[in-house]
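Keeping their order, the protein sequence lines are chains A and B.
Residue numbers are given in the numbering used here: position 205 of the first sequence equals residue 247, and the series is strictly consecutive.
Residue numbers are given in the numbering used here: position 106 of the second sequence equals residue 107, and the series is strictly consecutive.
C-beta: ideal position from N, C-alpha, C; glycine also.
Just so we're clear, the structure is a prediction, and the values are computed from it rather than from any experiment.
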Amino acid sequence: MSSTALAGRVVAAESLARARRRSSWLLLFPAVILLGAWAFVPLVMTLRYSFERYNLLYPERRGFAGLLNYNLLLTDPAFWTAIFNTLVLTLGVLAITIILGTLFALLLNQNFPGRGIARLMVIAPFFVLPPVAALIFKNLLFDPLNGLVGWLFKLVGLHPIAWFTTAPMIALVMIVAWEWTPFATLILLTALQSLDTDQLEAARMDGAKPLSRIIYIVLPHLARPATITIMMESIFLLSIFAEILTTTAGGPGTATTTLTYLIYIRALLDFNIGGASAAGVLAIVLANIVALFLMRAVARNIET
Amino acid sequence: MQHDKAPLSGAIAAWIVACLMFFPILWMTVTAFKTEGEAVAIPPIILFRPVLQSFAAATAQSGYLLFAANSVIVSFASTALAILIAFPAAYAMAFQPGKRTKDLLVWMLSTKMLPPVGVLVPVYLIFRDAGLLDTRAGLVIVDTLMNLPIVVWMLFSFFRDIPRDILEAARMDGVGPRGQMTHLLLPLASPGIASAALLAIILSWNESFWSINLTAAHAGTLAAYIARYSAPEGLFWAKLSAASVLAVAPILLFGSLAQRRLVRGLTVGAVK
C-alpha cells in the first residue's frame with residue numbers, strides 16, 4: 043500500500059471519528075441538557091432561597107438574610123426531632139429489611155414446588171401504591187376497634203393497641219419495612235443466584251453443615267449486594283412522604299415528623315420558603331453523603 | 002444455586018413467608034368484595050357472598066375516573082417521552098463511546114440521588130409561575146425527568162449486551178445505519194426497551210411525592226386521590242379497598258412481568 047493511500051485512509055478514519063463524535067453529541071444533547079437543568083437549576087434556587095427571608099404570605103418582606111434561616115433551623119428543637127425521627131425510621135426499616143430480606147432470599151432460593159408464585163407473592167408489596175400500603179395498615183390491620191391485628195390481640199388475651207397514637211413510629215416502620223423488604227429480597231436473591239456452586243459443593247464434600255455453609259460462604263457473598271441495598275434504600279427512605287401523610291400527618295405532635303415531612307410543612311403549609319430551603323439544603327447534603335459512596339460502587343461496575 | 006429439592010421444612014417456611022407478605026394485599030382485596038357492614042365486622046368475616054357494590058360506589062365517586070385517567074395518561078406519556086429522549090443518548094454511549102462516556106453516565110445516574118424534597122420549594126415556585134401546577138403536562142415533565150436516568154441506564158446496558166460483531170458484519174455487508182437500526186438494533190433491543198418501559202410506568206404510576214404536592218383536583222393521579230380522599234372516606238373501608246384494588250391491580254400485573262429485569266434497573270448497575 044502506498045504511503046499516500048495510507049495517509050488518505052488515516053485522514054478518512056479521523057474525519058469519520060470526528061463525524062461520529064459530533065453525531066454522538068447530537069444524540070446525547072437532549073438527555074444531557076434536560077438532566078442538567080433538572081439537577082442544577084432547582085438546586086441553585088434552593089441554595090439561594092436558603093439565604094433569604096422569604097415567606098409567600100408576606101412577599102413584600104423578602105430580602106437577604108445571611109445565615110438566619112440556618113441559625114433558626116439549627117436552634118429549632120423541631121428540626122432535631124425531625125432528624126432523630128428520620129434516623130429512627132431509616133435505621134429501623136434498614137435493619138428489618140436487610141435481616142428479613144436475607145432470610146427470605148435464602149428461603150426463596152431453594153428448589154420447592156410453586157416457587158415462582160411464592161417469589162411473586164413476596165415481591166408484590168413493592169408494587170403497591172404508597173398511600174394504599176399505608177391505608178391497608180391504618181384501617182384494615184391496625185385499627186384498634188375493627189382491625190385484624192387488634193382482634194388477634196384480643197384473641198390471645200392482650201389489649202388491642204391504638205398503633206398510630208401510642209406507637210406511631212413503630213407502626214410507620216412496619217408499613218415502610220413491608221414495602222421495602224421485597225426490594226432487599228429481590229436484590230439478595232439475584233446475588234444468591236450468581237453464587238459459585240462449586241465452592242458450596244466442595245464445602246459439602248468436606249462435611250460442612252448447611253448452617254456453616256451459609257455463615258462462611260453464602261453470607262460473605264451477600265455482603266456487597268447488602269451494602270448496595272442499604273445505600274439505595276437509605277436514599278429512598280429519606281424521601282418517605284405519602285405513608286406519613288396518610289397515616290399520622292407527622293403526629294401525634296411531632297412524633298413522626300421526619301426531615302422530608304418537616305420541609306413539606308414549612309414549605310407548603312407555612313409558606314416559609316427561606317426556612318424550608320435551608321432544611322432542603324441539609325437534606326441534600328445528607329443524601330449526598332450516602333450517594334457519594336453509592337456512585338463509587340456504581341462507577342466501578344460500568345464498562346463502556 | 003443448588004438444584005436439589007428443598008427439605009419439606011424449607012419449602013413450608015418459604016410458603017409461610019410468601020403468605021404473610023402477601024396477606025395485606027389479599028385482605029384488602031377480600032374487603033373490597035364485602036359490604037361496608039361486613040368490612041368492619043369483628044370477628045372478621047371470612048365466608049361471605051362477594052358483592053361488587055363497593056367497586057361500583059368507588060368508581061361512581063366524583064373525580065375517581067378522572068384521577069384514574071390521569072394516572073394512565075401521565076405514566077404512559079412520561080414513559081414514552083423518557084424513552085424517546087433516552088434512546089439516542091443510550092445509543093451514543095453504547096456504540097460510540099468516548100473517553101468521557103463513563104463519567105457522563107455516572108453523572109446522569111447521580112441525578113437520581115437528589116432527594117425530591119430538597120428541590121420541592123423551587124420546583125413548586127417554578128410550576129406556579131409557569132402555570133404548570135395541577136396540570137398533567139407538569140406532572141409528565143417531572144415524571145419524565147425522574148425516570149430519565151434509569152431509562153438511559155437500562156437502555157444503555159441492553160445495548161451493551163448486543164454483540165458489536167453483528168453490527169460490524171452488517172456494515173461490511175453494506176447495510177446502512179437505517180437498516181442496522183430497523184433490522185438489527187430494534188429487534189435485538191426490543192425486550193430491553195419493553196422492560197425499561199415497564200419499570201418507568203410502574204415508577205411513575207406509584208410516584209406519590211410530586212403527584213400529591215403539585216396537583217389538586219384536575220391533574221391528580223390515583224396516588225394523590227387515595228392520599229387526599231382517605232380522610233373522609235376512611236370510614237368506608239369496603240369502598241376505599243375497592244378503589245385501592247383498582248389502583249394497585251394493573252401495576253401488580255406489570256410488576257410481575259418486569260420482575261426479572263427489575264434489579265438491573267433499580268440498582269442502576271450497582272448489583273450485577
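Proximity to residue i [Cα-Cα], best of the options
i        : options                                   : result
Arg137/B : Ala90/B, Ser205/B, Lys100/B and Ser245/B  : Ser205/B
Val75/B  : Ser257/B, Thr222/B and Ser242/B           : Thr222/B
Ser72/B  : His219/B, Phe128/B, Lys240/B and Ser231/B : His219/B
His41/B  : Ala271/B, Trp238/B and Leu267/B           : The question names His, but residue 41/B is Val in the sequence shown. Closest option to Val41/B, Cα to Cα, is Trp238/B.
Thr144/A : Pro186/A, Ala341/A, Thr232/A and Leu311/A : Thr232/A
Val118/B : Leu187/B, Ala91/B, Ile213/B and Leu53/B   : Ile213/B
Leu109/A : Phe93/A, Ala124/A, Ala120/A and Phe121/A  : Phe93/A
Leu48/B  : Phe34/B, Ala57/B and Ser55/B              : Phe34/B
Leu247/B : Ala14/B, Ala224/B and Asp104/B            : Ala224/B
Pro119/A : Val332/A, Gly295/A, Arg338/A and Tyr258/A : Gly295/A
Ile286/A : Phe255/B, Leu199/B, Lys103/B and Ser231/B : Ser231/B
Trp28/B  : Asn181/A, Pro101/A and Val86/A            : Asn181/A
Phe82/A  : Ser111/B, Ala201/B and Ile17/B            : Ser111/B
Phe210/B : Pro172/A, Ala250/A and Phe154/A           : Pro172/A
Gln54/B  : Thr36/B, Pro45/B, Arg172/B and Tyr125/B   : Thr36/B
Ile277/A : Leu253/A, Ala79/A, Met337/A and Ile229/A  : Met337/A
Ser66/A  : Ala131/B, Gly99/B, Ala244/B and Thr216/B  : Gly99/B
Gln97/B  : Met22/B, Arg161/B and Gly256/B            : Arg161/B
Leu121/B : Phe146/A, Pro101/A and Phe313/A           : Phe313/A
Gly105/A : Ile315/A, Thr128/A and Val135/A           : Ile315/A
Thr145/B : Ser245/B, Ile203/B and Met22/B            : Ile203/B
Residue-level contact to chain D via CB, residue i, 8 Å cutoff
i        : result
Asp166/B : You won't find chain D in this structure, because its protein chains are A and B.
Chain-order list of residues whose beta-carbon lies under 8 Å from that of residue i (same chain, five-residue window excluded)
i        : result
Leu106/B : Met94, Val153, Trp154 and Phe157
Phe335/A : Met273
Ser281/A : Thr302
Ile140/A : Ala226, Ala268, Thr271 and Ile272
Val130/A : Met211 and Val215
Leu150/A : Arg157, Ala160, Arg161, Val164, Thr227 and Leu231
Ala166/A : Pro224
Gly89/A  : According to the sequence as given, residue 89/A is Leu; it is not Gly. Counting only Cβ-Cβ distances below 8 Å, and skipping sequence neighbours, we find Ser319 and Val323.
Neighbourhood of residue i by C-beta, 6 Å cutoff - its chain only, sequence neighbours within 5 removed
i        : result
Leu133/B : Gly139
Lys113/B : Pro150
Met2/B   : Reliability fails at Met2/B, whose pLDDT of 46 lies under 50, so the model's placement of it is uncertain and the value that follows must be treated cautiously. Same-chain partners within the cutoff: there are none.
Leu189/B : Ile163
Ala58/B  : Lys240
Trp220/A : Pro167
Pro25/B  : none
Met43/A  : Because the pLDDT of Met43/A is 48, which lies under 50, any placement of that residue in the model is unreliable, and the number read from its coordinates should be weighed accordingly. Correct list: empty, nothing qualifies.
Pro51/B  : Phe34
Phe179/A : Ile217
Proximity test, residue i beta-carbon vs the ligand GDP heavy atom, cut-off 7 Å
i        : result
Thr289/A : Among the components modelled here there is no ligand, and therefore nothing to report on the ligand GDP.
Sequence-distant residues of the same chain with beta carbon closer than 7 Å to residue i, five excluded per side
i        : result
Val272/B : Val264
Leu114/A : Gly317
Ala59/A  : none
Gly177/B : none
Ala90/B  : Val153
Of the residues that make up the region 169–190 of chain A, which ones have a beta carbon closer than 9 Å to any beta carbon in chain B? Phe169, Val170, Leu171, Pro172, Pro173, Val174, Ala175, Ala176, Leu177, Ile178, Phe179, Lys180, Asn181, Leu182, Leu183, Asp185, Leu187, Asn188, Gly189 and Leu190
In chain order, which continuous runs of the beta strand (DSSP E) of length 3 or greater are located wholly inside the region 269–308 of chain A? none
What are the start and end residues of each continuous alpha helix (DSSP H) run of 4 or more residues lying completely inside the region 42–103 of chain B, in chain order? 54–61 and 65–96
Could you say if the region 202–214 of chain A and the region 303–323 of chain A meet the contact criterion of at least three C-beta pairs nearer than 8 Å? no
To be precise: take each residue of the region 248–272 of chain B, compare its Cβ to all Cβ atoms of chain A, and keep it if any distance is under 8 Å. Which residues remain? Ala248, Val249, Ile252, Leu253, Phe255, Gly256, Ser257, Gln260, Leu263, Val264, Leu267, Thr268, Val269, Gly270, Ala271 and Val272
Threshold first: 3 residues or longer. Then list the beta strand (DSSP E) segments lying entirely within the region 58–97 of chain A, N to C. none
The region 191–200 of chain A contacting the region 289–303 of chain A, beta-carbon criterion three pairs below 8 Å: no
Listed in chain order, which residues of the region 91–111 of chain A have Cβ atoms closer than 7 Å to some Cβ of chain B? Tyr91
Only counting runs of 4 or more residues, tell me where the alpha helix (DSSP H) segments fall wholly within the region 191–230 of chain B, in order along the chain. 210–215
If you measure beta-carbon to beta-carbon, which residues of the region 259–272 of chain A are closer than 7 Å to chain B? Pro267 and Ile270
For the region 193–221 of chain B, which residues have a CB atom closer than 7 Å to at least one CB atom of chain A, in sequence order? Ile203, Asn207, Ser209, Phe210, Ile213 and Asn214
Is the region 84–92 of chain B touching the region 192–205 of chain B in the sense that three or more CB pairs, one from each, lie closer than 8 Å? yes
If the cut-off is 8 Å on Cβ atoms, which residues from the region 153–169 of chain A count as contacting chain B, listed in chain order? Asn153, Phe154, Pro155, Gly156, Arg157, Ile159, Ala160, Arg161, Leu162, Met163, Val164, Ile165, Ala166, Pro167, Phe168 and Phe169
Cβ contact check for the region 141–149 of chain B and the region 181–188 of chain B: 3 or more pairs under 8 Å: no
Report the residues of the region 119–150 of chain A with a CB closer than 7 Å to any CB of chain B, ordered along the chain. Phe146, Leu149 and Leu150
Length at least 4, wholly inside the region 127–188 of chain A: the alpha helix (DSSP H) runs in chain order: 157–165 and 172–177
Along the chain, which unbroken stretches of the alpha helix (DSSP H) at least 4 residues long are found entirely within the region 199–280 of chain A? 205–208, 210–235, 239–247, 252–255 and 261–279
Check whether the region 255–264 of chain A and the region 239–246 of chain A touch, using three or more Cβ-Cβ pairs below 8 Å as the test. yes
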